[in-house]
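Asks: Residue numbers (the working numbering): 239 to 1293. Built from N, CA and C at the ideal position, the CB exists for glycine as well. Pasting in a structure now, in structure tokens, and then I'll have a few things to ask.
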């Protein structure tokens, strides 16, 4: 017994044993009894604790001398036994000490002669039957409406059974081993009769929990937990929770009688879960739960006793707990509705899985449930073969999809077939419990680069430790860094598993559009991997024509900005040391962001965006980089360049421009930087040589594309600080001799000006960059391969050129620029035109000197001179030569038409407009014409047609006829073929387009014949602006203007 005591106490903690011993010493344990039933020794007791009685039951296997179970009805045991199956409380400990003490006393008192007892012959006892009748105590429900109680009657006998009508007397005699006659018919003799072990245990349980054993005899006073009451001496009255304990002791082969809801049943008792059936269907956006069978009847408020199909079931705590809520809803509505929500349906399925094995899922629910299952694909590398094990976790049940014998209600064979098909398409075959890969290199790359990532979208992909032997080489294998040494940047790189001599082959494979490269060691380099692709692209952009044999490249500083942006934007942050690039990028950004003022000596005011351009040019100069100022026409590229050159003191610069603009440049320098020394290298050889010989006297030399080749030896032998080319599209053809000549000029910094850096194709852009920074965009062949023949690299090209191009459109700086922009084009006359002009000028001068000429006559002379500036044909029909303005006007108009613009052309001379119209129509350009002969109705029609047309049009308008009264706001460009004395008259004409309703900036272009009366007129406009602005009438204007000129001023017009 001491061993048994020790084994029970070994299950308890020190605190529990201490507390239990105190209860034992206080003698609070009562009703102690024990019984040996089929080798299992049962000890029963009652423990009084704080006026509450708790029943204890200890089971000991005598054969194995092992404690096989302990229970107590206290709250502490109920809570902790859920987590520790062999838990014992202080009441069990107290009962054990009390039992041990009692046995010890009994042994000492009764010294039995064992040998004598062995000699007494034993007679096998008669086995009695025990029948049980249970009836719902509906009459007691009225007394305790919140409790469910049942009547139990017991019947015993050998073949027939007899009702025990005096239960108190029966249990008293049985406990004292005394005979008792049942109902006057059957004699119960405990010495000669016995029950089977289950019935014996059941009767003993009832006896131990009888209220009479707690000294309570009045039914209405019974208040003890789990007590069994006796009513009318023939009924046991039990609560539903005690009923479950009684039913659990009934053998499953025994039938009992049950009367419930006034219906009689003969039922077996199954200590197991109900066979519940459920159906889940999807109806629109609602999941509907129903049951296929009739609902079982709960016999207890805790839903742990059910009447189902005429039998009694005692389900597990799990089923009881979860089924209760479902049963109540199904009983009420016949179905339960759930939202089509993943989390809600997942919880429902987990509940159903725990309480039922018979669940039917509709097709809609099956499809919806796929996302709730956990698919796992385990890839391994065994015996030089790639393997894959595919399994699905169906909410706790994990099944290999190749095991077709395992069936659970959630199993989705369509999903498993889909996984099989996906793997088969990736060249896997089934073998035993796994899939084996049988593909070639192309299929292996597809598996590793696309297949497995696509599988990972719906499955958890796991790899074995040795799978890296066959995995793709990606960016994680790259080791690279940037270092600085002796003010130079170096890029170091290496890729695990690759030899340096393979890099060129990899670049070739990329250029050929291949998806992977098989290394000499047999692994595949993923050329689709963005990190790998961007890394090799960067190497390609840095190496130019360098060899890639030692993992080291020198980086040009002009690519620092590109490299820094490339590392950030292309997610190449694994490259170490990129912070050293900031030394260069900070210098550039700091210069650009500096709030520079316009240079001293500038005769004008730079607008905000022009200051930005000025800063841009200063930054390029500071870093000795080349660049392109690519502002849209009309935004003032010229004044930005002049400001820049003015700020660069003691520097020598060369400007190359189209012939038509050379004098315009000179005039702009005179206007904005009058203190700078400008040398025009144009005209005769002697004139050019004179300027070149005195080059040191000039800050800036200006020449033309056509002239420079004649003096190329001079330019090759000199080094300029700055070489600036205007209208840089003139060198767009890299194969032209003129382009080659321009590119041969030596300069520390080269700058290109153009509003159209690309007119037809990207090679034009390369040609300009080949001038400003040779080699930056590689050689012509490589540029074509990377960018012209490969559209995918356009973004990379943008990143490369971005730091060195500054381009603003009119719409981008609309708030900073005036409503109209004026430009003057100083156009040289043709040789024949110049001869005609000079001859007439000579004749006028003689007439003025020899005659008393009035001012009206002088005005007629001036008019003829102005006509000669337009076209000598206007005054001499025999003139067969060309004129300077007509081709320039056509060129401007053609460019504007290409950009879908509408143009207004004004001239005082209608004959000029008619000749221009003939020329434009030969070029298939649509024109409209208006002069003094156009009637009022026709004028209205012309204006409406012009404004409403979607076509690009040229409207040729006589200054007198169309200078007022017209609204032509659809035009963006206004050309004045000849200057007028009063700029207000020109402004009125310009205002035909520049007025309320105009949504675009109006560009005003004035064509001025160089070295002619027109230049004098422009000069007079500036000098006499206040006088001219006072005049309103055209004709009077001319008279008043001339009348206010002195004789010296008039003569000066003819100089």
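Give me the residue from 478, 1219, 282 with the minimum Cα distance to residue 338.
Replies: Closest by alpha carbon: 282.
Asks: List the DSSP bridge partners of residue 1166.
Replies: 1193.
Asks: From this set, 771, 963, 856, which residue's C-alpha is nearest residue 202's C-alpha?
Replies: Residue 202 lies beyond the stretch modelled for the chain, which goes from 239 to 1293, so this question has no answer here.
Asks: Alpha carbons only, please: which of 1229, 628, 619 is nearest the one belonging to residue 703?
Replies: Here the closest residue by C-alpha is 619.
Asks: With residue 467 as the anchor, note down where its beta strand (DSSP E) starts and where it stops.
Replies: Element bounds for residue 467: 467-469.
Asks: Ordered along the chain, which non-local residues of its own chain (more than five positions away) have a Cβ less than 7 Å from that of residue 721?
Replies: Counting only Cβ-Cβ distances below 7 Å, and skipping sequence neighbours, we find 728, 730, 815.
Asks: Looking at C-beta atoms only, is the number of pairs between the segment 496-507 and the segment 558-572 that lie closer than 8 Å three or more?
Replies: Not touching, per the Cβ criterion.
Asks: Out of curiosity, what's the CA-to-CA distance linking residue 1133 and residue 948?
Replies: For residue 1133 and residue 948, the distance between alpha carbons rounds to 29 Å.
Asks: Consult DSSP for residue 757 and reduce its assignment to one of helix, strand or coil.
Replies: Coil.
Asks: Using three-state DSSP, classify residue 419 as helix, strand or coil.
Replies: Of the three classes helix, strand and coil, the one that applies to residue 419 here is strand, per DSSP.
Asks: What is the DSSP secondary structure of residue 339, reduced to helix, strand or coil?
Replies: Of the three classes helix, strand and coil, the one that applies to residue 339 here is helix, per DSSP.
Asks: Can you name the residues that DSSP bridges to residue 718?
Replies: 731.
Asks: Quick one: which unbroken beta strand (DSSP E) runs of 3-plus residues sit fully inside the segment 763-811? Chain order, please.
Replies: If we require 3 residues or more, the beta strand (DSSP E) runs fully inside the segment 763-811 come out as 790-793.
Asks: For residue 935, does the count of other Cβ atoms within 10 angstroms reach 16, so buried, or fall short, so exposed?
Replies: When all chains shown are included, residue 935 counts as exposed.
Asks: Quick one: Cα of residue 1198 to Cα of residue 945, how far?
Replies: Approximately 40 Å, taken between the alpha carbons.
Asks: Quick test of your reading: residue 592 and residue 636, contact by CB under 8 Å. State the CB separation rounded to the nearest angstrom.
Replies: Actually they are not in contact, since the Cβ atoms of residue 592 and residue 636 sit about 17 Å apart, beyond 8 Å.
Asks: Name the DSSP beta bridge partners of residue 391, please?
Replies: According to DSSP, residue 391 bridges with 371.
Asks: Starting from residue 431, trace the beta strand (DSSP E) both ways and give me its first and last residue.
Replies: Note, residue 431: beta strand (DSSP E), 431-433.
Asks: Reducing DSSP to helix, strand and coil, say where residue 822 ends up.
Replies: Helix.
Asks: Check the Cβ-Cβ distances between residue 342 and every residue of chain C, and say whether any is below 8 Å.
Replies: Structure shown: chain C not included; a single protein chain is present.
Asks: Threshold first: 4 residues or longer. Then list the alpha helix (DSSP H) segments lying entirely within the segment 960-994, N to C.
Replies: Whole alpha helix (DSSP H) segments, 4+ residues: 975-981.
Asks: Can residue 986 and residue 886 be called in contact, C-beta distance under 8 Å?
Replies: Their beta carbons are not under 8 Å apart, which means residue 986 does not touch residue 886 by this criterion.
Asks: To the nearest angstrom, how far is it from the Cα of residue 643 to the Cα of residue 649?
Replies: C-alpha separation (whole angstroms): 11 Å.
Asks: If you pair each beta-carbon of the segment 803-818 with each one of the segment 751-767, do three or more pairs fall below 8 Å?
Replies: As far as the Cβ criterion goes, the segment 803-818 does not touch the segment 751-767, which means the pair count is below three.
Asks: Assign residue 1012 to one of two classes, buried (16 or more other C-beta atoms within 10 Å of its C-beta) or exposed (fewer than that).
Replies: Its Cβ having fewer than 16 others within 10 Å, residue 1012 is exposed.
Asks: What is the rounded straight-line gap between the Cα of residue 1017 and the Cα of residue 779?
Replies: Those two C-alpha atoms are separated by around 11 Å.
Asks: If you draw a straight line from the C-alpha of residue 842 to the C-alpha of residue 768, how long is it?
Replies: C-alpha separation (whole angstroms): 51 Å.
Asks: Give the DSSP bridge partners of residue 520, in chain order.
Replies: Looking at the DSSP assignment, residue 520 forms a beta bridge with 525.
Asks: Residue 628 bridges to which residues according to DSSP?
Replies: According to DSSP, which records beta bridges pairwise, residue 628 is partnered with 615.
Asks: Using the Cβ count rule (16 or more neighbours within 10 Å means buried), how would you classify residue 1269?
Replies: At residue 1269 the pLDDT is 23, less than 50, meaning the model places this residue with poor confidence; the figure from the coordinates comes in the next sentence. The residue in question, residue 1269, is buried, as its Cβ has 16 or more Cβ neighbours within 10 Å.
Asks: What's the gap between the Cα of residue 490 and the Cα of residue 378?
Replies: When rounded, the distance between both Cα atoms is 29 Å.
Asks: Starting from residue 681, trace the alpha helix (DSSP H) in both directions and tell me its first and last residue.
Replies: That run of the alpha helix (DSSP H) goes 679-684.
Asks: Going by alpha carbons, who is nearest to residue 744 out of 1247, 771, 285?
Replies: Checking every option, the nearest Cα to that of residue 744 belongs to 771.
Asks: Rounded to the nearest angstrom, what separates residue 865 and residue 1252 at their Cα positions?
Replies: Residue 865 and residue 1252: Cα-Cα distance of roughly 36 Å.
Asks: For residue 859, does the three-state DSSP call read helix, strand or coil?
Replies: Note: residue 859 maps to helix in three-state DSSP.
Asks: Output the distance between the C-alpha atoms of residue 853 and residue 1138, rounded to the nearest integer angstrom.
Replies: Each residue's Cα considered, the two are about 32 Å apart.
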